[in-house]
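Going by this note's numbering, 797 is the number at position 10 of the sequence shown; the sequence numbering is gapless. A virtual CB, placed ideally from N, CA and C, is assigned to each residue, including glycine. Bear in mind the structure is a predicted one, so any value in this text is a computation, not a measurement. What follows is a short report on a single structure.
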Amino acid sequence: MADYNPANFANRPQEEVEEIARKGGQSSHSSGFASMDPDKQRDISSKGGKASGGSFEPGSERAREAGRKGGKVAGGGSRMVDEDEEDLLQAED
């Protein structure tokens, strides 16, 4: 015989299982952004990404390099830049 496991619905009384089913998972997530007061959600949302300090100084060499790398990974447009063009682009900076 299997051990009693209260997480297993087969081990719970039928009435309790029906009550849980009626809630439909709505009460399983009682915290987080979705359960916040709408005014608080609006306040947080209005800040956009401003709260994040980011990793780079705007306009820094590290930021430009990261942008170049990101552009390469994303495709950077309609074609890939070959190594010769890469050298020319770096020389322009």
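query                                                                                     : result
DSSP three-state assignment for Gly819, whether helix, strand or coil                     : coil
Neighbour flag for Ala821 against chain D, beta carbons, 8 angstroms                      : The chain labelled as chain D is not found in the depicted structure, where only one protein chain is given.
Assumed close pair Glu844, Ala850 - CB separation to whole angstroms, cut-off 8 angstroms : 7 angstroms
Where Gly854 sits in the DSSP three-state scheme                                          : helix
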